[in-house]
Amino acid sequence: MRVNLACAVLIPCLVFAAASSADREKESLFGFRDSAQEIATENRFLAVPDPQLAEQHLRTLTQAPHIAGSAEDKATADYVAAKFRQAGLETEIVEYRIWMNYPKEISVDISAPASITMHGPTPERVSSDP
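This is the structure:
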């Protein structure tokens, strides 16, 4: 009796699971009509990058601070978009209008336990930095 009940429950579950997995294989992936196109796109990204090229990109992207909304931030976005386009990807830069707070001075005051007050940071002076 128990075996028959278990089989009566288990067999429909297995049939349903097999049917639903077959349906999933027929469905296209989100954003792609054909999974082959999606897999080809993934394979381009999974290709091992050239270490020298990665170093070049890192140097370019870090050569100047790029605070959100600044000209340097726009240049960074343009650089990355150009590299994506060179890789054959459809790329679009979308502008967002937001309010940004750019402080004129950054300071920290610390009161140590021994009644000593510290103020900082002090501007760094580096002779090789204009």
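If you number the sequence shown the way this note's numbering does, the last residue is 130 and the count never jumps. Even for Gly, the Cβ is constructed at its ideal location relative to N, Cα and C.
In the structure shown, the three-state DSSP call for Ser-35 is helix.
From the listed residues Ile-67, Ala-82, Glu-90, the smallest Cα separation to Asn-101 is found for Ile-67.
Pairing His-119 with Ile-106, the inter-Cα distance amounts to about 11 Å. Taking C-beta atoms under 8 Å as the contact rule, Ala-82 and Arg-44 fail to qualify, at a distance of about 16 Å. Per DSSP, the unbroken alpha helix (DSSP H) holding Val-80 starts and ends at 71-86. Per DSSP, the continuous alpha helix (DSSP H) segment holding Gln-52 begins and ends at 51-62.
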